[in-house]
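Remember, the numbering used here sits 2 above the position in the sequence shown when you count from 1.
These notes are about the structure you will find just below.
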Amino acid sequence: MTDLTTRYLGLTLKSPIIAGSSGLTKSIDNLKKIESHGAGAVVLKSLFEEQIHFESQKQIRDNEAATGYGYAEAYDLISNYSRDHHLGEYLDLIKKAKAELTIPVIASINCYSASEWVDFAKKIEDAGADALELNVFILPTDTEMNGDEYKQIYLDIIKKVKASTKLPVAVKIGSYFTDMGNWVTKLSWTEVDGIVMFNRFFTPDIDIERLKHIGGGRFSTEEEFYNVMRWIGILSDGVQCDLCASTGIHNGDAVIKQLLSGAKAVQMASVLYQKGFVEIENANKRLSQWMQSHGYTKLDDFVGSMSMSKAENPAAFTRVQFMKHFAGIE
Ligand SMILES: Cc1cc2nc3c(=O)[nH]c(=O)nc-3n(C[C@H](O)[C@H](O)[C@H](O)COP(=O)(O)O)c2cc1C
3 MTDLTTRYLG LTLKSPIIAG SSGLTKSIDN LKKIESHGAG AVVLKSLFEE QIHFESQKQI
63 RDNEAATGYG YAEAYDLISN YSRDHHLGEY LDLIKKAKAE LTIPVIASIN CYSASEWVDF
123 AKKIEDAGAD ALELNVFILP TDTEMNGDEY KQIYLDIIKK VKASTKLPVA VKIGSYFTDM
183 GNWVTKLSWT EVDGIVMFNR FFTPDIDIER LKHIGGGRFS TEEEFYNVMR WIGILSDGVQ
243 CDLCASTGIH NGDAVIKQLL SGAKAVQMAS VLYQKGFVEI ENANKRLSQW MQSHGYTKLD
303 DFVGSMSMSK AENPAAFTRV QFMKHFAGIE
């Protein structure tokens, strides 16, 4: 008998497989299916900081168009109304999810500043969420700003959010940092409870026939888990918070590899779109079967046992150039 229980963000999860934030995690119907297929937790679709601003602006424009004029008090009133209104729907989703599910419900906010949205964290806590995931990314397009200034925004967001809520907080980061080792370790020294590595960004593409910008590939491929596994393996021993693997995790084998590298939990999104929620169940089965065949009864028996510091050959993690010996190709 295998026990798939893990601890992540101070929560007990019956499986290390979490349904990651996506359009699939915004309806109660789907959330119930995700639970029935064996997910350990679910991250709700993100509330976007941009979305909140956009909604406020739209209402202001509509109001100005209707009345023919606009004034500062109306701006404040409408923007607060709109923010609360939109948030109200999100809070309802949290409340309903908590009422219908037994697994932990992690709310998510997609943000790029430590502005007033931070107050929402408390409301999310009051609505009953078990944790909060902050999806932070600022595309570094400002030629006047250096890397430390960008990173300070992350630190400010974490500090402000942790000051406004008692919820466990995870920060979901992208994979484009020059000093990944130093940065993730530093992030783990903050009050943050977990780091999700990595978010996968929307990318632009061009339709060369219609000469239009379109969205690039929405879904990850199975090969994308390698880069995540590398960094989880390199960093898991040294960090002071949980690491959760995300991107390219499409099956049980990829789950096992992330856990061996030191992840406390993993997230799946693309494969749930492509093959359905049954892939959570399949991955849980594969994990159990693999544990049995290796004589493991619980996750602690092997999680992190193949991280870089425990590897027979640590160079397997740090080598970046192809060599016949490692790549196995001519
Ligand atoms: C259609 C779609 C919508 C997504 N929406 C969100 C979102 O609202 N918030 C978020 O943090 N991540 C979002 N993601 C990113 C996923 O949570 C995940 O980090 C990413 O897709 C990599 O994991 P995967 O390889 O399992 O897809 C979305 C992904 C997809 C494919």
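Cβ coordinates follow ideal geometry from the N, Cα and C atoms, glycine included.
Predicted model, so just to flag it, every value in this text is computed and none were measured.
For I251, the shortest separation between its Cβ and any heavy atom of ligand 1 lies below 7 Å. The region 75 to 154 is shown to contain whole alpha helix (DSSP H) runs of 4 or more residues at 122 to 129, in chain order. Approximately 20 Å separates the beta-carbon atoms of S190 and A123; this is outside 8 Å, ruling out the contact. In this model, E102 and I96 are separated by some 10 Å (Cα to Cα). The beta-carbon separation of A172 and I197, rounded to 7 Å, stays under the 8 Å limit for a contact. Distance check between S29 and each of E281, D94 and Q242 places D94 closest, using alpha-carbon atoms only. Take M310, set aside five residues on each side of it, and the residues of its chain with a beta-carbon closer than 6 Å to its own are G235, I236, P316 and F319, in chain order. Beta-bridge pairing by DSSP links G240 to no other residue. In this structure, F221 has its CB closer than 7 Å to one or more heavy atoms of ligand 1. DSSP, read as helix, strand or coil, puts Q260 in helix. A straight-line Cα-Cα distance of about 34 Å links S307 and K100. For the pair K162 and S110, the CB atoms are not nearer than the 8 Å cut-off. Counting along the chain, the unbroken alpha helix (DSSP H) around T320 starts and ends at A317 to T320.
A straight-line Cα-Cα distance of about 32 Å links Q269 and M147.
For the set Q323, G42, F279 and Y275, the Cα lying nearest the Cα of T104 is the one of G42. Of all alpha-carbon atoms in G183, G176 and V194, the one lying nearest the alpha-carbon of I159 is that of V194. Boundaries for H39: no alpha helix (DSSP H) harbours it, and the DSSP string shows neither H nor E there. When Cβ pairs closer than 8 Å are counted between the two stretches, the region 203 to 220 is seen not to touch the region 286 to 300, the count staying below three. Not a single heavy atom of ligand 1 lies less than 7 Å from the C-beta of Y92.
In this structure, R202 has its beta carbon less than 7 Å from a heavy atom of ligand 1.
For M3, the CB contacts under 8 Å within the same chain, skipping 5 residues up- and downstream, are T299 in chain order.
For Y114, the shortest separation between its Cβ and any heavy atom of ligand 1 does not lie below 7 Å.
A straight line joining the alpha-carbon of E281 with that of F200 spans about 20 Å. G22 has its CB nearer than 7 Å to a heavy atom of ligand 1.
At a Cβ-Cβ threshold of 8 Å, I155 and L134 do not count as neighbours. Listed in chain order, the beta strand (DSSP E) elements of length 3 or more contained wholly in the region 168 to 204 are 171 to 175 and 196 to 199. Collapsing the DSSP output to three states places M310 in a helix.
The C-beta distance from K174 to L136 rounds to 7 Å, short enough to fall under 8 Å. When distances are taken from the beta-carbon of S17 to the heavy atoms of ligand 1, even the shortest one reaches 7 Å or more. Comparing alpha-carbon positions, the option among W292, V44, L13 and Y114 lying closest to V138 turns out to be Y114. For K287, there is no enclosing beta strand (DSSP E); the residue is found in the alpha helix (DSSP H) stretching over V280 to H296. Remark: C-beta atoms of G40 and E283 approach each other more closely than 8 Å.
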